[in-house]
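Numbering (the working numbering), first residue to last: 1 to 1182. Backbone N, C-alpha and C define an ideal beta-carbon position, used for all residues, glycine too. If you're wondering where the values come from, they're calculated on a predicted model, not measured in any experiment. Below is one structure, written out as structure tokens, with a few remarks after it.
Here you go:
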């Protein structure tokens, strides 16, 4: 018994110790005195069935209302009175609502905006009211602080909204005070959301005339000298605030850093989010679709802050996508291909029902874009914060004081109207069942809130359990403040139908606490809190910035003091405050762990040195080149043929190939067409401008897409002919539409189409690459088979064509079965390289495959044999390949484009993606089912589930309807339950376990090591790749383009890449260049990428699907260019630093790309030996 007692003591002590290590600890309301519950009781007149916003919750306002330096807390209630709690210290609070006179007057209160409205040094409260039908009951409230009662010590307020012109009746959800016109005083933006009974997800023309009730308002501050306080006047129409929306979140930030505040609004339902950019003349223009490529669909709250300490404003907004399979499959989503078509028709942005995190990539060069604006990349999937269930408030703040802003998200809903089984039930039961019975059928979303630790590399780690908040709530508005004055940020949450949550942050009580600095601001007499100021903190190489606006998250106001965690640094190098009027103050060498006050009265003129005019790597020469070409094609809907496809197979163009087509010594290029358009040639003139010519047959439509293009001298007459292989998947397999196109050159750039046996290959193809594999003095061809239309992902054939042309007659012979039988049914080839992978002097064939590995066909001397290498284990969705000696060790390394890590679908060796293909329903057509691994419940064990939802899979296999009469049954079904092992045993199966874009280090003897490219290169699928020494330091750098706009609608398009330059630094570390530094900007659906020489400058052409060709030239034109002869195979480059590298000459690599072959003799090069096979042909010196 004694031992049992000791064990019990140890267990209890261990549990206590474990609990004490949690970073965030809930404080019992009985202990804190913070007793508030936003309780909502439904009735016949007002319930979730007739008012979907009934459970949208209330807000939190933080302010020091009695100026004792302790932040106080104000809660808004919907059907319960608002409450004000005075902070008594040590996380003890006193309810002073009645004495203070701030109960909300019986209104349905929403947002709580804390503002010193009259700049008297006392914090006031502006309460937004909504919902109730009586307009008088919707008048907003302004509680003006009259000071502290000398007897009670309690601040007393007077309601004065009417006197200030702020008694708006417009279903206001939140108010944000800011200086929109830079006149020094604070105006206010009112977020309006009115559910007026119309269907909010109806596609129709967007109302942009200010006539609709759910249109936000802008009120201008006009000081009344008689009243001696501001009176606010509605200037919405004059200012251009005219666009309808269902606003739930609003943030104020100078997004484009031009010194004028902009407004970002998160709108619910179909209504577009709005980014009102300040025109600096009292008006705003919505630029959301210009700045952002997509947004959240059911957008809730938002926050704008710098997540990666680069000084730029990033944007997080929440939605309602769950993290577990069951809830995902139960949640209603109406996104289909028709959704995108309707969005395009009516001018709606692309929206997805999940959280979005918009990473600010910095300003775009005005040569690339006429507007001064930043580019954004949406990276929530890469960052790991896309799925937090039915979420409301996101807040970015430094929870653990390590110098990086973490992410806290509130969520929960007492009744879930989006549940698919309930929606089915409701459509049949509402008319007959009692209200109480119907409401009982609604599922509850009561789960824990989320907190994510910022890892400092654009990724976040879920710390919900470790940091101690894994308890279920119905949470809504949230705010943070250092409530106990210990130097870390505590959290207050307004919960629905349960007590509010107070989380004490125990960071400063840890064994090795991190340090901090806190900054208070005293502004002008018109803006005493200094709203709009920028604060920069520099500490040992760390640069943090906050733009001061306390209205963040959802319906809430955070504390007015600015908080910076600084990790283990004990001092700050410098702090600079830049005030809204442009003046500034800087302090240096500041000890950590204190509160500093800055006053504008101490500021001086801020002579912000304009950054030295630095030359970008590239200059956009599209306009100067005279190329005004947009790639167009018929919008073929692949999902009508194979319903469960993850992406289209008909949006891979344009293909590109560069070379001297007319024999004048200048590089020209060919761009492939998409059905029904033909390919075109572009001939370079003396001034670097190009003239477009059409190839024969262009007047008649073609019914396939042009895939790879090869420019080669097929007939040995000294000029470049054109061979275009046919791809796409718009037609039935093996139809005439897939025959290839060969064009003979007359030497002057005029072409005649040749029809021959070798062009009658009716396989649907991808790439083409030329090489003299049999060393007979002419170029042979590899042609990659892409897909069997309608039978994806079944394997198809690829080919080797031997060049047997003689005496001007072009003949290519299919010798695949003789020299490379392994190419028959090899899989779905996306890219190919002729390369000497094992440095044995014989050129091998390296192939990228979809749903497979990078495969090597080794040159045996008599043919090509499929050979397993270390690459075989890495199966992916490979798109492209380029050979380049990145480490200057004399053998060929490779760069491979893959899917990336910024998508809903993720893969690893432990949790691979899989595809199963078979006629599962025995109806004589191929069914294809894709699977991935998700937790069955939140934080549950990961299991393999079908990717497709119930509706989609039933459209493919209606026979399953009997097995799954409702959504819940299907949502619980694993792949092993969907199809038995017996059914699957003869199914065609493939897997993908590696999706990263990477470079592949050649270790010799066919041993390779994968290296993931930097985070910036993982934001989307990579297609176009060029390797070239851009900064002329002797190391090959990389240029990348990509994205995938043709994903299945419910997966959402991959659009985060804006084009990328990676500079190769010492030890094979790649450094991503900003758009402003590189000058390279390809924001659309990037595909092919080729290089050529234009007016003695290295130049690049980027193909973008359904968008414009873009052309760039390297601004540093040091060095000279020497053309490579067609049969020269490689070079050994001797560098001035004593190293040497190998360069192979390719006649087709990357993705559907062929570049001009030349040696660029730049200043890092000492000499170059060029070879034909093993024989040196010549030596070059700069």
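Next item on the list: May I ask which residues mark the beginning and end of the alpha helix (DSSP H) holding residue 975?
Entry: In the chain shown, the residue the question calls residue 975 occupies position 975. 975-978 is the span of the alpha helix (DSSP H), which, as asked, contains residue 975.
Next item on the list: Check the C-beta distance from residue 1047 over to residue 483 and give it rounded, since I have them as a contact under 8 Å.
Entry: Numbered from 1 along the chain shown, position 1047 holds the residue referred to as residue 1047. Numbered from 1 along the chain shown, position 483 holds the residue referred to as residue 483. About 45 Å; that fails the 8 Å criterion.
Notebook entry, point to check: Taking one C-beta from the stretch 476-490 and one from the stretch 531-549 each time, how about it: are there three or more such pairs within less than 8 Å?
Noted result: no
Check: Can you tell me whether residue 879 is buried or exposed, with buried defined as 16 or more other CB within 10 angstroms of its CB?
Finding: In the chain shown, the residue the question calls residue 879 occupies position 879. Burial call: buried.
Next item on the list: Take the Cβ of residue 160 as the centre, count every other Cβ of all protein chains shown within 10 Å, and call the residue buried at 16 or more, exposed below.
Entry: Along the chain shown, read from residue 1 onward, the residue named residue 160 stands at position 160. Buried is the call here.
Notebook entry, point to check: Comparing alpha-carbon positions, which option in 57, 669 and 804 lies nearest residue 1099?
Noted result: Here residue 1099 corresponds to residue number 1099 of the chain shown, with the count starting at 1. When only C-alpha atoms are compared, the closest one is 669.
Item checked: Short Cβ contact (8 Å threshold) for residue 819 with residue 864 -> For this step, residue 819 is matched to residue 819 along the chain shown. For this step, residue 864 is matched to residue 864 along the chain shown. Against a cut-off of 8 Å, the Cβ pair of residue 864 and residue 819 comes out as a contact.
Item checked: Cβ-based neighbour list, residue 260, same chain, cut-off 7 Å, excluding 5 preceding and 5 following -> For the purposes of this step, residue 260 is taken as the residue at position 260 of the chain shown. 182, 254, 278 and 280.
Margin query: Can you confirm whether the stretch 645-662 touches the stretch 706-714 when touching is taken to mean that 3 or more C-beta pairs between the two stretches lie within less than 8 Å?
Written below: yes
Notebook entry, point to check: Taking one C-beta from the stretch 190-201 and one from the stretch 148-162 each time, how about it: are there three or more such pairs within less than 8 Å?
Noted result: no
Checklist line | Per-residue DSSP class, three states only, for residue 339 | finding: Here residue 339 refers to the residue found at position 339 when the chain shown is read from its first residue. Residue 339 falls in the helix class under three-state DSSP.
Next item on the list: Give the single residue among 973, 1051 and 887 whose Cα lies nearest to the Cα of residue 1197.
Entry: Nothing about residue 1197 can be reported from this structure: the residues present for the chain run from 1 to 1182 only.
Next item on the list: Let me know the secondary structure DSSP gives residue 379 once reduced to three states.
Entry: Position 379 of the chain shown, counted from the start, is the residue given in the question as residue 379. Three-state result, residue 379: coil.
Check: Would you call the stretch 1131-1150 and the stretch 1113-1120 touching, i.e. three or more CB-CB distances under 8 Å?
Finding: no
Next item on the list: Indicate the three-state DSSP secondary structure (helix, strand or coil) for residue 320 in the structure shown.
Entry: Here residue 320 refers to the residue found at position 320 when the chain shown is read from its first residue. Reduced to three states, the DSSP call for residue 320 is coil.
Next item on the list: Would you mind giving the Cβ-Cβ distance between residue 323 and residue 935, rounded to the nearest angstrom? I have them listed as a contact below 8 Å.
Entry: Walking along the chain shown from the start, residue 323 turns up at place 323. Walking along the chain shown from the start, residue 935 turns up at place 935. Contact holds; Cβ gap of about 7 Å.
Check: Who are residue 249's beta bridge partners in DSSP?
Finding: Working through the chain shown from its first residue, we reach residue 249 at position 249. The partner list for residue 249 (beta bridge, DSSP) reads 266.
Check: Within the present structure, is the beta-carbon of residue 49 separated from the nearest heavy atom of the ligand SAH by less than 7 Å?
Finding: As presented, the structure is devoid of all ligands, the ligand SAH included, so that no description of it is given.
Note to self: Here's the rule I'm using: 16 or more other beta-carbon atoms within 10 Å means buried, otherwise exposed. How should residue 760 be labelled?
What the structure shows: Position 760 of the chain shown, counting from 1, holds the residue named residue 760. It is exposed - the Cβ of residue 760 has fewer than 16 other Cβ atoms within 10 Å.
Margin query: Looking at residue 294: is its Cβ nearer than 8 Å to the Cβ of residue 352?
Written below: By 1-based counting over the chain shown, the position of residue 294 is 294. By 1-based counting over the chain shown, the position of residue 352 is 352. Yes, they are a contact pair.
Check: Can you find at least 3 beta carbon pairs, one from the stretch 891-898 and one from the stretch 1014-1034, that sit closer than 8 Å?
Finding: yes
Item checked: Beta-carbon gap between residue 890 and residue 1141 smaller than 8 Å -> By 1-based counting over the chain shown, the position of residue 890 is 890. By 1-based counting over the chain shown, the position of residue 1141 is 1141. Contact flag set, yes.
Check: At a cut of 8 Å, does the stretch 515-525 reach the stretch 560-572 through at least three beta carbon pairs?
Finding: yes
Margin query: Bridge partners for residue 26 per DSSP, in chain order?
Written below: One-based indexing of the chain shown puts residue 26 at position 26. The partner list for residue 26 (beta bridge, DSSP) reads 503.
Check: Using the rule of at least 16 other Cβ atoms within 10 Å of the residue's Cβ for burial, across every protein chain shown, is residue 230 buried or exposed?
Finding: Taking the first residue of the chain shown as 1, we reach residue 230 at position 230. Classification of residue 230: buried, given that the 10 Å Cβ count is 16 or more.
Notebook entry, point to check: According to DSSP, what are the bridge partners of residue 932?
Noted result: As a working note, residue 932 is residue 932 in the chain shown. The partner list for residue 932 (beta bridge, DSSP) reads 945.
Check: Looking at C-alpha atoms only, which residue of 32, 944 and 1172 is the closest neighbour of residue 776?
Finding: Counting from one through the chain shown, the residue named residue 776 turns up at place 776. Minimum Cα distance to residue 776 is reached at 1172.
Notebook entry, point to check: Going along the chain, which residues of its own chain have a beta-carbon closer than 8 Å to the beta-carbon of residue 582, five neighbours each way excluded?
Noted result: Translated into the one-based positions of the chain shown, residue 582 becomes position 582. The residues are 259, 605 and 606.
Next item on the list: Identify, in the order they occur along the chain, each residue of the same chain with its Cβ nearer than 7 Å to the Cβ of residue 302, setting aside the five sequence neighbours on each side.
Entry: As a working mapping, residue 302 is identified with position 302 in the chain shown. So the qualifying residues of the chain are 249, 251, 264, 266, 315, 316, 317 and 394.
Next item on the list: Specify, as a first and last residue, the run of the alpha helix (DSSP H) that residue 955 falls within.
Entry: Here residue 955 is taken as the residue at index 955 of the chain shown, counted from 1. First-last of the alpha helix (DSSP H) with residue 955: 950-956.
Next item on the list: Work out the CA separation of residue 405 and residue 390 for me, nearest whole Å.
Entry: Counting from one through the chain shown, the residue named residue 390 turns up at place 390. Counting from one through the chain shown, the residue named residue 405 turns up at place 405. Answer to the nearest angstrom: the Cα atoms are 22 Å apart.
Next item on the list: Any chance you could list the alpha helix (DSSP H) runs of at least 4 consecutive residues sitting entirely within the stretch 1048-1085, in chain order?
Entry: 1075-1078
Item checked: Own chain residues within Cβ distance below 7 Å of residue 337, not counting five before or after -> Along the chain shown, one-based indexing puts residue 337 at 337. The residues are 637, 639 and 1049.
Item checked: Buried or exposed (CB count within 10 angstroms, at least 16 for buried), residue 428 -> The residue labelled residue 428 in the question sits at position 428 within the chain shown. Exposed: under 16 other Cβ atoms inside 10 Å.
Checklist line | Continuous beta strand (DSSP E) stretch holding residue 969: start and end | finding: On the chain shown, position 969 is the one that residue 969 refers to. Premise fails: residue 969 lies in the alpha helix (DSSP H), 967-971, not in any beta strand (DSSP E).
Note to self: Restricting to Cα atoms, I'd like to know which of 121, 651, 593 and 764 is closest to residue 738.
What the structure shows: As a working mapping, residue 738 is identified with position 738 in the chain shown. Nearest of 121, 651, 593 and 764 to residue 738, Cα basis: 764.
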